[in-house]
Structures are given as C-alpha cells and as structure tokens.
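Residue numbers (the numbering used here), protein chains in the order written: chain A, 6 to 200; chain B, 9 to 384; chain C, 6 to 161.
Here a beta-carbon is modelled for each residue, glycine too, at the ideal position from N, C-alpha and C.
In this text, all values refer to a predicted model and were calculated from it rather than measured experimentally.
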Amino acid sequence: MGPHPAGHPGRERREMTHDPSHGKGGAGASAPTGASAALGPEAHVLVGNADLFVNWARKSSLWYLLFATACCGIELMQAGASRYDLDRFGAVFRATPRQSDLMLVAGTITHKMADRVKRLYEQMPEPKYVIAMGSCANTGGPFYKDSYCVVKGVDLLIPVDVYIPGCPPRPEALIDGIMALQKIIMRKKNYGAKA
Amino acid sequence: MTARSNALPTQEMTINMGPQHPSTHGVLRVILTTDGEVVTRAVPDVGYLHRGLEKIGERVTYAQYMPFTDRLDYLAAMNCNCAWAWTVEKLAKIEVPERAEYLRVIVCELNRISSHLIAFGSYTADMGAFTPFLYAIREREQVNDLFEMICGNRLTYNYARVGGVSGDAPPGFLEKTKEFLDYFEPKLDEYNNLISYNKIFVHRLANVAVIPAEEAIAYGLTGPNLRGSGVPFDLRKDEPYSVYPKFDFRVCVGTGERGTLGDCFDRYMVRINEMRESVKIVRQAIAQIPDGPVLAKVPRVFKPPVGETYFRSECPRGETGIYLISDGSVNPFRLKIRTGSFVTMNLFEKITRGLMIADVVAVIGSFDIILPEIDR
Amino acid sequence: MEAQAIFDTLKGKFGDAVVELQGEGFSPAFAVVAPAAVKEVSRFLKEDPDLSFDSLMCLSGVDYKDKFAVAYHLHSLKHRHAIGLKAMLPRENPSLPTVDDVWPAANFQEREAFDLFGIGFEGSKDLRRILLPEDWEGHPLRKDYKYPDSYHGIKV
Chain A
6 MGPHPAGHPG
16 RERREMTHDP
26 SHGKGGAGAS
36 APTGASAALG
46 PEAHVLVGNA
56 DLFVNWARKS
66 SLWYLLFATA
76 CCGIELMQAG
86 ASRYDLDRFG
96 AVFRATPRQS
106 DLMLVAGTIT
116 HKMADRVKRL
126 YEQMPEPKYV
136 IAMGSCANTG
146 GPFYKDSYCV
156 VKGVDLLIPV
166 DVYIPGCPPR
176 PEALIDGIMA
186 LQKIIMRKKN
196 YGAKA
Chain B
9 MTARSNALPT
19 QEMTINMGPQ
29 HPSTHGVLRV
39 ILTTDGEVVT
49 RAVPDVGYLH
59 RGLEKIGERV
69 TYAQYMPFTD
79 RLDYLAAMNC
89 NCAWAWTVEK
99 LAKIEVPERA
109 EYLRVIVCEL
119 NRISSHLIAF
129 GSYTADMGAF
139 TPFLYAIRER
149 EQVNDLFEMI
159 CGNRLTYNYA
169 RVGGVSGDAP
179 PGFLEKTKEF
189 LDYFEPKLDE
199 YNNLISYNKI
209 FVHRLANVAV
219 IPAEEAIAYG
229 LTGPNLRGSG
239 VPFDLRKDEP
249 YSVYPKFDFR
259 VCVGTGERGT
269 LGDCFDRYMV
279 RINEMRESVK
289 IVRQAIAQIP
299 DGPVLAKVPR
309 VFKPPVGETY
319 FRSECPRGET
329 GIYLISDGSV
339 NPFRLKIRTG
349 SFVTMNLFEK
359 ITRGLMIADV
369 VAVIGSFDII
379 LPEIDR
Chain C
6 MEAQAIFDTL
16 KGKFGDAVVE
26 LQGEGFSPAF
36 AVVAPAAVKE
46 VSRFLKEDPD
56 LSFDSLMCLS
66 GVDYKDKFAV
76 AYHLHSLKHR
86 HAIGLKAMLP
96 RENPSLPTVD
106 DVWPAANFQE
116 REAFDLFGIG
126 FEGSKDLRRI
136 LLPEDWEGHP
146 LRKDYKYPDS
156 YHGIKV
C-alpha cells in the first residue's frame, strides 16, 4: 500500500482541523517565548532575540563541579542521585573545574582550604556561577561563634550568586536554589547595549 | 612494546591528588610520588576540614554540644550523638530509661546500614561502576524517611539527649521500620549478584593492600578495617554497652575468600555482611522494646561531677572514643574525640608503597574514611 | 588485671618513675609516670605477657591550667583489660619521648598533640603540624590561646 496521502494519520487529522488560511509566519511570534502553537505543526520555528537562546542553553545544561566538603556534600550527592534527580535539569557533575560552569560550594570552608577554593574558582571558564549551599558556606554556620579556623562565609573569597539556607538544606531546597539561578541566567543580557 | 632500557633516564613524578577530588571521600590531599604508574610514596595531608570541634566543646555546654557531634561523622550522625550521650552519662552516672536505650540502638543500627550503603555505593563508583550508587541511595532515602519521621532531619539528627532521646517514636514508626527491613534484606543478595562477585571488581580489590592482623592492631585500626584482617573484635560484643547484650548477632570477619586475608575485598565484604547483622539487631530490638519514658530527669543547668572518663562505641567507621574531662562547671574542661578514620590514616603511607595509582583509590575506599572524623 | 595490680607491677619495676595512681573519679584509672620514663614503661606494658597492652586506644594532650599532660589510654586485646597512663609536663617547653616505635598508631595522634598544644615528642619520626596550615601561629587548644584577627587577609 502506498504512503498515506498526508504522510501520517495523525498529521492528516491535524491538517483537517487546521485552517490553512490561519496567519502563520513571523508576525505571530514576535513575543520572545517560542509561540509555535500559532504557527502550525510543521512550522517548528522559534523566534526570539539571541539572549533568549543563549540563556536557554546555558540554564538547561548547568554542569556543576563536585565540590563537596562536608555534610552538605551528602545532600548534594543525594540530590543528584535516585530520588531527587538533578540530571533532569541538565545538571551533571563534573570532577574538574575546567569543564563546569556552576560551583556548588557545599560544606564548611576552612582557612586551609580557602586558597584552593579561590584557585578552583579561577580555573572555571566563563560564564561561571556560584551557589553557596548551606549555613557554613553562607556565613560559617554553627562554627561562626567559637571556631578559630573556619571562613565565615564563602563570599569572603569568591562572588556568590545564590545563597541556599539550611543545615543541610533539603534536596528540594537545593533544586529551588538551582531554579533561582536559572531565573537569574534567563534575565542576563549578553548582547544588549551596555547601559 | 618497547622494553625498558636502562640507558633511558627516568624521573619520579610528584602528583597532587588534591583536596578536591571525586574519589577521596572528602577533602583529603594525597601527595603521590610515582615512578610511572607505581606509587613510591603517598603522603596524606589532612586538615582541610579542621573546624576546631574540640575547642568548641570547651566553650559550649554539654547539651549544646550535641549538634556538633552530628557534624563529626555526618554519615553516622546517630552513632556520634549517642556516643556523646553515653560518655556524659558514664561521667555523671545517669540512669537512662530502657525504652530510650532501645530507640538509640534502633537508630544507631539503621544509621549503620545507611552509612555502609554509602560506603558500598561510593566505593563501587570509585571503581568505575556507577549504577550501584543509585541503588544504594534508593535504599538510603528510605532510611532517611524513617529518620525524618522520628526526629525531623535527614542528615544531622541531633536526636539523642543526655539522659535519653529527644522524642518518642511516633505511631507507625516501628511498623514502617519493619517494612523497610523486609524490603531491604533481599537487596543485599541483589548487590552481591550485581557487583560484589563481578570479575573485574574482584580483580581490582583482591590482594590489594593486604594488612595482616598484627599490623592492624599495632597501627590502631578498628571497626570493619580490623575485622577485615581477621581479628574478631567488635565493641558491641566484647565490651558491650547500652542494651547490646540482649541481642544475638554475629561478628563479621574477613575470610580471604577471593584473595588474601586482610585485603580490600575482605574489608568490603565485612561491610556488606554487617548490614545483614544490623537488620537482625533492629528486628530483635523492635520485638523487645518496652514502653516507658524516653528521657531521664537531668537538671536544666547540668554540672557533672569532677572526673575524667573515656567511653568508646562501635561506629560504622571504627571505634569512636571520647575522652572527657570535667571540672564541675557547665562546660566540658577537655574533650578529645578519637575516631577510627584518623588513626587508620596512620597506616596509609605504609600500605600504599608499591601500589598503582588506581589502587590508591581502592585503598582509600576500602578504609571508608570520612574527613570530618579525621579533621574534627 | 585490676588497675591497682597493674600499678603495683609498674611500681615494682620502675620505682620512683611511677608517681601515683589516679583512681577515684577516673575511668579508666591513670598511672601517672615521669615524662622521661614514658618510653620504657610503654614498652614494658606492651611486651610483658601478663599485661600485653597491644592497642593504644587514644593519645591526647591536656592543658590543666598550671601544667600540661599527655594521657594515653591503653587496651589489651588478649587479656581484655584497660589502663591509662599520664605524664605531667611543665608549661615551658613541654616535651617527652615518643612512643611511635612501641605503638605505630601513636604517630598521627602525637602530631595532633604537637599541633594543637605545642607538646614536643623527642625521637618522633615525623613531627609536623597536621590539622592546621603549616604557617599557623600558636597552638589553639591551650587555655590561654587568643584567636587571631585574620589569617592571610581573611577574617578569622
């Protein structure tokens, strides 16, 4: 039997309900969200500015550096594992900073380690983001008052984009933090005129 | 393949297996001096997570120190909480209600299961098999759910108190625990079928870093590392504390089944078998647990008598001993925590001489070290 | 063997080097020895067949405000008994012989006592700072330690 006249039964059904005189084309998609619904099933075209696509790509494949110092590291591992899967956000862990664009500082940073944190941050290529996960990375955590060798917050060493509170934060909180970072990334203007 | 020529000048390489490394189980730095792929010297450099827990102990009260013991070994936080509580109770001679002791044993053994699951999962991931890690975390998440039921937290529990535990088991906790045990016990056979006797895995672990029994004792190894060398010493059986005398379980020792006695494979199998024994203990505890209060009457401003005490308990990574000196005030005078991982690192330099770099990773995983225990 | 019996054996063998037994309020009991005799006493405790303390459980430095001390907790796997050993040291230049050739498990713990208290161990095969950075100043666990203001430019 020859090929179906419309090529595919589903397509035929959709073509029958679709009115070919509907306005399709660039005019209906000036909104920067991929408004392919108004364009018809075979017009898989998205129109937007360059920032949209660059930021969309960046936020959907945030490769994070496996930098787990202390207890928050276990929550990070559990967030990336079976139940709270970070891979569905496109986030896979990389062991080397040269291939990662997100540094999740999970755990206490001591003075002995501070030098290495800075070096790891400098080894990451641009664009890079830092999430401070947990109380110890935010402000020094439970060791703020009495400890003599804990850096009171990783933002004393490197610039931080998102702070996630908790000791340790639940994996849901970590995912919320990553989604907040994704919002920050979507808002960034890469090519616009510098005001 | 060219034969090595004596005329070719070679040089030893110094490689830094730095604090940030996927296989070092934390921020451990190992300075390797290698001749090609063979390690001539591997010096561990620790202290990247030293947070001064012992000094903090001198500045807070006995009850305030409990959350800090969580951060001591966060994979076995219940064991560390209970070790601190037992030490203070031994010093001040406090009588703990029996139901509290049973609850402590139940959560300690469940925590032993979840700690060994991470040891198993991360060890196999280090060896290259990534999938068992996901299986282990799947089981561990169920234990986390049980702990969330009883104390509200998934990782740093702060559950034990001086004199008992902070809260009774909510209704349904013991039934859910029994369901989990019924679900989990066949999984151990699944893990053995999946990875434990896999030819490549056995090749990587058998006959690597053999530690004879005398050396293990002389270097202060404890816990599964000591039992993997064939020494049947388990604090729960040999110096029993709490309600452990009431339970019937086996002490798991290494048998040299796939290589020499005391190699990495033995230490790995001891952990797998210990999970089975922990399941047995929890089942017996659930059957025997009495009713009653869960916290003894301890004064609000707690001042134990002057004295010094040393209490050791069997934590998943070895023996956690706390040497506590009290001068009669509300803060401890001196608090020294002796952990299994710290003393195990003594042996690291000697045992890695002559191994390949990949075997160094196998040794670190088989010792099951965790950095906050080493660095405190 | 009971602590008093072990103490009496030590006193019989080493005489004045063994000072006193701290028993009441101390668990396990401590046999206080002179610092210079620590190595011989340790070797005797390990090798004597009736004592055979083959396992060093814990080695800790202590700062009693007027003096330092090093406390050893020993255990015997063969006889299942335990004892403590303590050596009192003066506050200026505290130092005593090492025991890491008797119990190799002592090495890291001696380094820790050196790092955090400044107690020197003569004859140690490796005595360096272990937990704190190499260029840290001071010994934090001393009772008169003042926290530094900053380290390498970062606020402590």
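What three-state label does DSSP hand residue i in the structure shown?
{"i": "Val155(A)", "result": "strand"}
{"i": "Tyr191(B)", "result": "helix"}
{"i": "Ala47(C)", "result": "The question names Ala, yet the displayed sequence has Ser at residue 47(C). Of the three classes helix, strand and coil, the one that applies to Ser47(C) here is helix, per DSSP."}
{"i": "Leu56(C)", "result": "coil"}
{"i": "Tyr82(B)", "result": "helix"}
{"i": "Arg124(A)", "result": "helix"}
{"i": "Thr385(B)", "result": "Coverage of chain B is limited to positions 9 through 384, which leaves residue 385(B) absent and any answer about it impossible."}
{"i": "Gly31(A)", "result": "Its pLDDT being 39, under 50, Gly31(A) is placed unreliably by the model, and nothing is read from it."}
{"i": "Lys18(C)", "result": "helix"}
{"i": "Asn54(A)", "result": "coil"}
{"i": "Leu71(A)", "result": "coil"}
{"i": "Arg67(B)", "result": "coil"}
{"i": "Gln28(B)", "result": "coil"}
{"i": "Lys83(C)", "result": "coil"}
{"i": "Cys172(A)", "result": "coil"}
Please list, in chain order, the chain A residues whose beta carbon lies closer than 8 Å to that of residue i.
{"i": "Pro33(C)", "result": "The premise fails here: Pro33(C) is roughly 30 Å from chain A at the closest Cβ pair, so nothing lies under 8 Å."}
{"i": "Phe141(B)", "result": "Ala86"}
{"i": "Ile64(B)", "result": "Phe148, Asp151 and Ser152"}
{"i": "Tyr152(C)", "result": "Tyr153"}
Using a threshold of 8 Å, state whether the C-beta atoms of residue i and residue j are closer than that.
{"i": "Ile159(C)", "j": "Val156(A)", "result": "yes"}
{"i": "Asp81(B)", "j": "Leu136(C)", "result": "no"}
{"i": "Thr42(B)", "j": "Ile372(B)", "result": "no"}
{"i": "Lys70(C)", "j": "Lys148(C)", "result": "yes"}
{"i": "Ser155(C)", "j": "Gly125(C)", "result": "no"}
{"i": "Lys25(B)", "j": "Val46(B)", "result": "According to the sequence shown, residue 25(B) is Met rather than Lys. In this structure, Val46(B) does not lie closer than 8 Å to Met25(B) by Cβ."}
{"i": "Gly228(B)", "j": "Arg325(B)", "result": "no"}
{"i": "Ala91(B)", "j": "Cys260(B)", "result": "no"}
{"i": "Gly315(B)", "j": "Phe12(C)", "result": "no"}
{"i": "Ile126(B)", "j": "Ile294(B)", "result": "no"}
{"i": "Glu66(B)", "j": "Asn339(B)", "result": "yes"}
{"i": "Ala39(C)", "j": "Ala22(C)", "result": "yes"}
Whose Cβ in chain A lies nearer than 7 Å to the Cβ of residue i?
{"i": "Gly329(B)", "result": "Going along chain A, no residue has its Cβ under 7 Å from Gly329(B), so there is no contact; the nearest lies around 22 Å."}
{"i": "Arg380(B)", "result": "For the record, residue 380(B) in the displayed sequence is Pro; it is not Arg. Going along chain A in sequence order, the residues near Pro380(B) (Cβ under 7 Å) are Ala75."}
{"i": "Phe17(B)", "result": "In the sequence under discussion, the amino acid at residue 17(B) is Pro, which differs from the Phe named in the question. Residues of chain A passing the Cβ test: none, with the nearest at roughly 31 Å."}
Mind pulling the chain C residues with CB within less than 8 Å of residue i?
{"i": "Leu161(A)", "result": "Ile159 and Lys160"}
{"i": "Asp246(B)", "result": "Arg85"}
Taking only the alpha-carbon atoms, compute the straight-line gap between residue i and residue j and give it to the nearest angstrom.
{"i": "Ile79(A)", "j": "Thr164(B)", "result": "11 Å"}
{"i": "Ser65(A)", "j": "Gln187(A)", "result": "8 Å"}
{"i": "Met157(B)", "j": "His80(C)", "result": "39 Å"}
{"i": "Lys195(B)", "j": "Asn89(B)", "result": "28 Å"}
{"i": "Leu125(A)", "j": "Gly85(A)", "result": "21 Å"}
{"i": "Pro54(C)", "j": "Arg120(B)", "result": "36 Å"}
{"i": "Ala100(A)", "j": "Val218(B)", "result": "29 Å"}
{"i": "Gly33(A)", "j": "Asn54(A)", "result": "Here the model assigns Gly33(A) a pLDDT of 40, short of 50, so the residue's position is not dependable, and the following value carries that caveat. Taking the straight line joining both Cα atoms gives about 15 Å."}
{"i": "Ala73(A)", "j": "Gly145(A)", "result": "15 Å"}
{"i": "Lys44(C)", "j": "Phe241(B)", "result": "27 Å"}
{"i": "Lys72(C)", "j": "Arg134(C)", "result": "22 Å"}
{"i": "Leu36(B)", "j": "Ser349(B)", "result": "12 Å"}
{"i": "Lys193(A)", "j": "Ala133(B)", "result": "37 Å"}
{"i": "Tyr70(B)", "j": "Ser250(B)", "result": "20 Å"}
{"i": "Asp197(B)", "j": "Leu213(B)", "result": "19 Å"}
{"i": "Arg266(B)", "j": "His86(C)", "result": "35 Å"}
{"i": "Asn87(B)", "j": "Arg279(B)", "result": "16 Å"}
{"i": "His27(A)", "j": "Phe98(A)", "result": "For His27(A), the predicted structure reports a pLDDT of 44, less than 50, and the residue's modelled location is therefore unreliable. A value from the coordinates is still provided. When rounded, the distance between both Cα atoms is 46 Å."}
{"i": "Ser35(A)", "j": "Val50(A)", "result": "Below a pLDDT of 50, predicted positions are generally treated as unreliable, and Ser35(A), at 42, falls in that range; the measurement from the model is reported next regardless. Straight-line Cα distance between these residues: approximately 12 Å."}
{"i": "Tyr191(B)", "j": "Leu118(B)", "result": "14 Å"}
{"i": "Asp181(A)", "j": "Pro132(A)", "result": "21 Å"}
Residues of chain C with a CB under 9 Å from the CB of residue i: which are they?
{"i": "Ala119(A)", "result": "Tyr156, His157 and Ile159"}
{"i": "Ala50(B)", "result": "Residues of chain C passing the Cβ test: none, with the nearest at roughly 14 Å."}
{"i": "Val346(B)", "result": "Correcting the residue identity first, residue 346(B) is Arg in this sequence and not Val. Going along chain C in sequence order, the residues near Arg346(B) (Cβ under 9 Å) are Met62, Cys63, Leu64, Ser65, His78 and Gln114."}
At a cut-off of 7 Å, is residue i close to the ligand HEM when judged by its beta-carbon and the heavy atoms of the ligand?
{"i": "Tyr69(A)", "result": "By its list of ligands, the structure shown contains no ligand whatsoever, and the ligand HEM lies outside what it can speak to."}
In chain C, what lies closer than 7 Å to residue i by C-beta?
{"i": "Gly315(B)", "result": "Gly30 and Phe31"}
Legend entry - Every unbroken beta strand (DSSP E) inside the segment 303-382 of chain B [3 residues or more]: 315-323, 326-334 and 342-346
Inset, instruction - Entirely within the segment 204-289 of chain B and at least 4 residues each: give me those alpha helix (DSSP H) ranges in chain order. - result: 207-213, 221-226, 232-236 and 243-246
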